[in-house]
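So the structure is just underneath, and the comments pick up after that.
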Amino acid sequence: MPFSPNYTITVAIAQNLVAIETGKKQFESIPMNAMLLSSLRKSARLASTHYSTQIEGNRLTMEQVTDVVSKKAEGFPGRERDEKEVVNYYKALEYLETKNNKPLTETTIQTIHGWVLSGRKSASAYREGQNVIKDGLSGAIVYMPPEASEVSGLMKALVSWIDISLKKGKIPVPIIAALAHYQFASIHPYYDGNGRTARLITNYILHYGGYGLKGIYSLEAYYAKNLQGYYDALAVDDIPNYYMGRAEADLTNFLEYFMKGMAISFTNIVASSKENSSPSLQDNSKTLRELSAKQRMALDLFVNQKEITNTDLAQHLGISKRSAATLLKKWLENEFLIIGNPSNRARSYRLNHKWEQLF
């Protein structure tokens, strides 16, 4: 059951693809140093977390999301589930940043879903029974996904199509990401967390394909602010059952919605980046590209402190202390870090001079 999407490249889609490419090139010419990049990336992660969970009914405000993620608040009574959703989504975004330089696999998708639901790096098995999507007000069934027995085959076909399409390079990356979003939502491989996982997979593909803009934009904000349009585009002529034409449906309308949102997001981030940057700002972009994804994430820790510990790194990357110790040893060997405090009990690490200059 290969995935063979049906769509047409309309004038609107073509124009927005051009706008996306223009925005991408403009963004790449904007001077960025480590501190500015860290600030913009954190703001984007918070926005993505807030809007993606809000789409699913999360009641926390942007300010509350920021407090929960940064642990500035002890909690919001009656909002415990909302808090958990927010923390888990933020962790999933951080996980993506360490993985999106590798091709997307089923295991990666299952692990993304594991982060979304449990907040842990654990691959989730696909559903074993039927699930349905119901209208929030009437309770009426609005969509019935494929049977559980077909989920594994459909997911394998989707991942294979994504991989082959990216390697061939004949289909624009934004279109691949959009179609993957649609098909994952159509398959609905889990009982819960499908929407959040679909949006994360979309981000993964865009980053892997070179459209990540260094992780400082949020497509989720566009979805949330144009929510009815998002639902209408995904509904595709209100086809209520996967077996009643959804698999063969014309996805042109969804692509038009998606490309418009991506073009708007790219235009906005270019304007925002120019506003925060300046011609006199030392551009560290080329130097930052020498670092791995985990090293770039670790730089965020040094924005407000000179030295970090094993515990700091483990908590920041969402990994075990043993894994953090392995990374720290490796980073000492390749001279990314140097020892700050050499004592065994209070050992700390700081950036080597080359990287400390970024701040």
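If you count by my numbering, then the sequence shown holds residues 5 to 363, one letter each, in order. Ideal Cβ placement from N, Cα and C applies to all residues, glycine included.
Spatial distance of Ala202 from Ala350 (CA atoms):
On the sequence shown, position 198 is the one that residue 202 refers to. On the sequence shown, position 346 is the one that residue 350 refers to. One C-alpha to the other measures close to 42 Å.
Could you spell out where the beta strand (DSSP E) holding Tyr147 opens and where it closes?
Numbered from its first residue, the sequence shown carries residue 147 at position 143. Element bounds for Tyr147: Ile145 to Tyr147.
Going by DSSP, what residues sit across from Arg354 in a beta bridge?
Taking the sequence shown and counting its residues from 1, the one referred to as residue 354 is at position 350. DSSP lists Glu311 and Ile342 as partners of Arg354.
Please report the residue range of the alpha helix (DSSP H) in which Val69 lies.
Within the sequence shown, numbered from 1, the residue matching residue 69 stands at position 65. Note, Val69: alpha helix (DSSP H), Met66 to Val73.
In whole angstroms, give me the CA-to-CA distance for Leu362 and Met39.
For this step, residue 362 is matched to residue 358 along the sequence shown. For this step, residue 39 is matched to residue 35 along the sequence shown. Taking the straight line joining both Cα atoms gives about 8 Å.
On the DSSP bridge list, what partners appear for Ile137?
Start at 1 with the first residue of the sequence shown, and residue 137 comes out as number 133. In DSSP, Ile137 forms a bridge with Tyr147.
I believe Ser42 touches Asp236 by the beta-carbon criterion, under 8 Å. Please report the beta-carbon distance rounded to the nearest angstrom.
As a working note, residue 42 is residue 38 in the sequence shown. As a working note, residue 236 is residue 232 in the sequence shown. Contact between Ser42 and Asp236 does not hold, since their C-beta atoms are separated by about 37 Å, which reaches or exceeds 8 Å.
Tell me the DSSP bridge mates of Asn288?
Looking up residue 288 in the sequence shown gives position 284. Beta-bridge annotation (DSSP): Asn288 is not paired with any residue.
Using a threshold of 8 Å, state whether the C-beta atoms of Ser269 and Tyr221 are closer than that.
Taking the first residue of the sequence shown as 1, we reach residue 269 at position 265. Taking the first residue of the sequence shown as 1, we reach residue 221 at position 217. Contact: yes.
Can you tell me whether Ser8 is buried or exposed, with buried defined as 16 or more other CB within 10 angstroms of its CB?
One-based indexing of the sequence shown puts residue 8 at position 4. Looking at its Cβ environment, which holds fewer than 16 other Cβ atoms inside 10 Å, Ser8 is exposed.
Over the uninterrupted alpha helix (DSSP H) stretch that includes Asn257, give me the two end residues.
As a first step, residue 257 is located in the sequence shown; it is residue number 253 there, counting from the start. Its alpha helix (DSSP H) spans residues Thr256 to Asn280.
Hey, Ile191 and Met159: beta-carbon distance below 8 Å or not?
For the purposes of this step, residue 191 is identified with residue 187 of the sequence shown, where counting begins at 1. For the purposes of this step, residue 159 is identified with residue 155 of the sequence shown, where counting begins at 1. Their beta carbons are under 8 Å apart, which means Ile191 touches Met159 by this criterion.
Candidates His54, Ala129 and Lys298: which alpha carbon is nearest Ala225's?
In the sequence shown, counting from the first residue as 1, residue 225 sits at position 221. Checked all of His54, Ala129 and Lys298; the closest Cα to Ala225 is His54.
Rounded C-alpha distance that separates Lys334 from Ser296:
Residue 334 sits at position 330 when you count from the first residue of the sequence shown. Residue 296 sits at position 292 when you count from the first residue of the sequence shown. Their backbone Cα atoms lie some 12 Å apart in a straight line.
Considering only C-alpha positions, which residue in the set Ser347, Glu78 and Ile59 is nearest to Gln68?
On the sequence shown, residue 68 is found 64 positions in, with the first residue counted as 1. Closest option to Gln68, Cα to Cα, is Glu78.
Identity of the residues DSSP links to Asn10 by a beta bridge:
Start at 1 with the first residue of the sequence shown, and residue 10 comes out as number 6. Looking at the DSSP assignment, Asn10 forms a beta bridge with Asp254.
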